[in-house]
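As you go down the protein sequences, you meet chains B and C in turn.
Count the first sequence with my numbering and you get residues 1 to 166, in order.
Count the second sequence with my numbering and you get residues 1 to 166, in order.
Inspection log for the structure reproduced underneath, given as structure tokens.
There are 2 protein chains.
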Amino acid sequence: MEQRSGGPINAAVEVLGDRWSLLILSDVIFNDRRHFRALLTGSVEGIASNILADRLVRLVEAGILTRGTAARGQRARYSITEAGVQTLPILCALGNWGLDWRSGSDELRNRQQVIRDGGPALVEDLMDELRVRHLDALPKSADGPSLLERLGAASTAAASDRPTDP
Amino acid sequence: MEQRSGGPINAAVEVLGDRWSLLILSDVIFNDRRHFRALLTGSVEGIASNILADRLVRLVEAGILTRGTAARGQRARYSITEAGVQTLPILCALGNWGLDWRSGSDELRNRQQVIRDGGPALVEDLMDELRVRHLDALPKSADGPSLLERLGAASTAAASDRPTDP
């Protein structure tokens, strides 16, 4: 991927300054949608399949996602890389801003409130969980439901409320 | 501005998930470019004037920028709103990611390193300075050069190094 400008913000924006890329990444991370079909049908925004295909390729080329080799008859599964794990603070900062400055569904606002209340320490814990889920890292502790599952439960509740025709 | 989806991340991405909007915002905030012409000619990425005009309108409509009424013969000046001030953690998170996962000019990397090393407290201080600069807030302290000036000095050094033809 071409890098046009000098600054780290600009360099990040080259890759992440795209609505669909951010939404896909957020869906992979928070809703554990890992397959093309799940990302396509689960998209609240109703992403078109050609846009989804294009953005998945771009995210793989940018080193943020990897596309697992599919066995016969199986669908390829996407995982986030360490660079992908480390986009979490960006997504959380976006969510905190959205919580303050935009309206939206209560369920997902509750999820974001949990993230905000947890502060940087919770974001670090979430990143550790993502490393277990996507990068085969060993879990640091195994007691109780994971943070991602707790956040995911709120997200599932919200998804069932959403209109079928976006 | 239409709000299509439920979650705070998605709602934020509707407004901020756009490369040019993020670059313009970053230029207003870190380089204090406040006029159309300055944003146009200062853009490292070589933004087209119609794109710049479009994104400025969108940022104003989204409540992130305000466009000051220009006196006779004067150019309109843009300021960030409180919602604009609070995009700083997003820009800083993007910059931290770019610092780790992308290459770039040393000067602007140094600037980002100062921001990262300062952590959330420095981001809060920067937001206070932005409120003074853009929202006529009273300064909390008046001793020494401001953080934004210190960061701006690094940015100016980097700008003089950049190629004239992007």
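For each residue, glycine too, the CB sits at the ideal point set by N, CA and C.
Just so it is clear, the structure is predicted and the values come from calculations on it, not from any experiment.
**Asked** Ordered along the chain, which non-local residues of its own chain (more than five positions away) have a Cβ less than 6 angstroms from that of residue 96 of chain C?
**Response** Taking the first residue of the second sequence as 1, we reach residue 96 of chain C at position 96. Within the same chain, residue 96 of chain C has close Cβ partners 116.
**Cut-off 7 angstroms between Cβ atoms - residues of its own chain near residue 129 of chain B, not counting five sequence neighbours on either side** = Residue mapping note: residue 129 of chain B aligns to position 129 of the first sequence, counting from 1. Once the five neighbours on either side are set aside, the close Cβ partners of residue 129 of chain B are 146, 147 and 148.
**Nearest-angstrom Cα separation, counted from residue 79 of chain B out to residue 69 of chain B** = Translated into positions along the first sequence, residue 69 of chain B becomes position 69. Translated into positions along the first sequence, residue 79 of chain B becomes position 79. Rounded to whole angstroms, residue 69 of chain B to residue 79 of chain B spans 11 angstroms at the Cα level.
**Request:** Go ahead and pull the three-state DSSP assignment for residue 32 of chain B.
**Result:** Within the first sequence, the letter at position 32 stands for residue 32 of chain B. Looking at residue 32 of chain B - three-state DSSP - the assignment turns out to be coil, as it is neither helix nor strand.
**Contained alpha helix (DSSP H) runs [length at least 4] in the segment 50 to 100 of chain C, N- to C-terminal order** = 82 to 85
**Request:** With 7 angstroms as the threshold, decide whether the Cβ of residue 121 of chain B is near any Cβ in chain C.
**Result:** Within the first sequence, residue 121 of chain B is the residue found at index 121, counting from 1. Not an interface residue.
**Message:** Using the three-state DSSP reduction, which class does residue 2 of chain B fall into: helix, strand or coil?
**Reply:** Indexing the first sequence from 1 puts residue 2 of chain B at position 2. Note that residue 2 of chain B scores a pLDDT of 40, beneath 50, so its modelled location is shaky and nothing firm can be said.
**Asked** Residues of chain B with a CB under 7 angstroms from the CB of residue 93 of chain C: which are they?
**Response** Along the second sequence, read from residue 1 onward, the residue named residue 93 of chain C stands at position 93. The contacting residues are 89, 90 and 93.
**Alpha carbon of residue 136 of chain B to alpha carbon of residue 121 of chain B, nearest angstrom** = Counting from 1 along the first sequence, the entry for residue 136 of chain B is found at position 136. Counting from 1 along the first sequence, the entry for residue 121 of chain B is found at position 121. Cα to Cα, the separation comes out at about 21 angstroms.
**Message:** Tell me which residues share the same chain as residue 12 of chain B and place their Cβ nearer than 8 angstroms to its Cβ, disregarding the 5 neighbours each side in the sequence.
**Reply:** Numbered from its first residue, the first sequence carries residue 12 of chain B at position 12. These residues qualify, in order along the chain: 90.
**Request:** Take residue 134 of chain B and list the residues in its own chain whose beta-carbon comes closer than 6 angstroms to its own, dropping the five residues that flank it on each side.
**Result:** As a first step, residue 134 of chain B must be located in the first sequence, where it is residue number 134. Once the five neighbours on either side are set aside, the close Cβ partners of residue 134 of chain B are 79 and 80.
**Asked** Among the residues of its own chain, which have a CB less than 8 angstroms from the CB of residue 124 of chain B, if the five just before and after it don't count?
**Response** Here residue 124 of chain B refers to the residue found at position 124 when the first sequence is read from its first residue. Here the set comprises nothing.
**Item:** Secondary structure of residue 136 of chain C, DSSP reduced to three states
**Value:** As a working mapping, residue 136 of chain C is identified with position 136 in the second sequence. Of the three classes helix, strand and coil, the one that applies to residue 136 of chain C here is coil, per DSSP.
**Asked** If the cut is a Cβ gap below 7 angstroms, which residues of chain C does residue 167 of chain B touch?
**Response** The structure shown does not extend to residue 167 of chain B, since chain B is modelled only from 1 through 166, so no value can be given for it.
**Message:** So if DSSP puts residue 18 of chain B in a beta bridge, which residue, or which two residues, is it bridged to?
**Reply:** Taking the first residue of the first sequence as position 1, residue 18 of chain B is located at position 18. According to DSSP, which records beta bridges pairwise, residue 18 of chain B is partnered with C/18.
**chain B contacts made by the segment 98 to 120 of chain C, where a contact means CB separation under 8 angstroms** = 98, 99, 100, 101, 102, 103, 104, 105, 107, 108, 109, 111, 112 and 120
**Message:** For chain B, check one thing: does any of its Cβ atoms lie closer than 7 angstroms to the Cβ of residue 49 of chain C?
**Reply:** The count along the second sequence starts at 1 and reaches residue 49 of chain C at position 49. Not one chain B Cβ lies under 7 angstroms of residue 49 of chain C.
**Request:** Run the CB neighbour count on residue 103 of chain B, radius 10 Å, all protein chains shown included, and call it buried at 16 or more, exposed below.
**Result:** Along the first sequence, read from residue 1 onward, the residue named residue 103 of chain B stands at position 103. Exposed: under 16 other Cβ atoms inside 10 Å.
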